[in-house]
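Here is the structure we will look at, set down as structure tokens.
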Amino acid sequence: MESTGHPKAEFHIRSFATPDLDGLCTLMADLGYPTTASELAVRMDRMPPDFYHTFVAEASGQVVGFIGVGTMPVYEMSGPLGWVLALSVAGSHRRRGIGRALLAAAEAHCLSRGATDVRLHSGLPRAEAHEFYEAAGYTKTGYRFKKTLHPQP
544 MESTGHPKAE FHIRSFATPD LDGLCTLMAD LGYPTTASEL AVRMDRMPPD FYHTFVAEAS
604 GQVVGFIGVG TMPVYEMSGP LGWVLALSVA GSHRRRGIGR ALLAAAEAHC LSRGATDVRL
664 HSGLPRAEAH EFYEAAGYTK TGYRFKKTLH PQP
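Position in the sequence shown (first residue = 1) + 543 = this note's numbering.
Right under this line is the structure:
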């Protein structure tokens, strides 16, 4: 096994708690989505707990990673679909198994909710993330399209 030059981080995965908001904001900014704790709290309060769950990775009392996952009924299958909505690990803690542990927690959550398929989106410029997902057993299955809608006056 090739060494990454990083010592293995001691961390644990747990469910999100409100005091984690500042850490999540830092990680969201790393993904390119800057936000404030109050904005993120409002967004998370709107997420029905029956469908959404957030796990955090904590090391030395700091939030160093998180994953948001949802399960939902879909048209194309009888059981629910698992969906990774966001995943971020602090740059200082990458390549230490944290991302894989977060993904494993999300996958276990999906299975516990009856989902046997998990999907996710990853932006085109995130080649390193694409390699990570493929190494974790995910396959590229299509394209993602976006359109910004503007309300009519």
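Think of the CB as a built atom: it goes at the ideal place given N, C-alpha and C, for glycine as much as any other residue.
For the alpha helix (DSSP H) containing residue i, name the first residue and the last one.
i: residue 569; result: 564-573
i: residue 677; result: 670-678
i: residue 692; result: Looking at the DSSP string, residue 692 is not in any alpha helix (DSSP H), and its letter there is neither H nor E.
i: residue 667; result: Careful: residue 667 lies outside any alpha helix (DSSP H) and carries neither H nor E.
i: residue 642; result: 641-655
i: residue 582; result: 580-588
In its own chain, which residues sit with a C-beta less than 6 Å from the C-beta of residue i, not counting the 5 before and 5 after it?
i: residue 561; result: none
i: residue 612; result: 596, 627, 649 and 652
i: residue 633; result: 607
i: residue 663; result: 627
Hey, out of the options, whose CA is closest to residue i's CA?
i: residue 678; options: 638, 685, 696 and 605; result: 638
i: residue 600; options: 580, 584 and 554; result: 554
i: residue 628; options: 620, 597, 608 and 658; result: 597
i: residue 615; options: 630, 640 and 655; result: 655
i: residue 580; options: 667, 563 and 558; result: 563
i: residue 647; options: 625, 619, 668 and 633; result: 625
i: residue 603; options: 670, 566 and 668; result: 566
i: residue 592; options: 574, 559 and 576; result: 559
i: residue 686; options: 667, 693 and 657; result: 667
i: residue 574; options: 631, 682 and 594; result: 631
i: residue 681; options: 590, 691, 643 and 585; result: 643
i: residue 617; options: 661, 692 and 691; result: 661
I'd like the list of long-range same chain contacts for residue i, defined as Cβ closer than 7 Å, with 5 residues on each side in sequence excluded.
i: residue 665; result: 672, 673 and 676
i: residue 578; result: 568 and 571
i: residue 659; result: 622
i: residue 605; result: 566
If I follow the unbroken beta strand (DSSP E) through residue i, where does it start and stop?
i: residue 558; result: 555-558
i: residue 613; result: 605-615
i: residue 602; result: 595-602
i: residue 625; result: 624-632
Tell me which residues share the same chain as residue i and place their Cβ nearer than 8 Å to its Cβ, disregarding the 5 neighbours each side in the sequence.
i: residue 635; result: 607
i: residue 557; result: 598, 599 and 601
i: residue 609; result: 559, 563, 566, 567, 570, 597, 598, 599, 600, 629, 630, 631 and 645
Does the beta-carbon of residue i, which I'm using as the reference point, lie nearer than 6 Å to any heavy atom of the ligand NAP?
i: residue 694; result: Inclusion of the ligand NAP in the displayed structure is not the case, the ligand content being empty and no account of it being possible.
Opposite residue i in the DSSP bridges: which residues?
i: residue 661; result: 625
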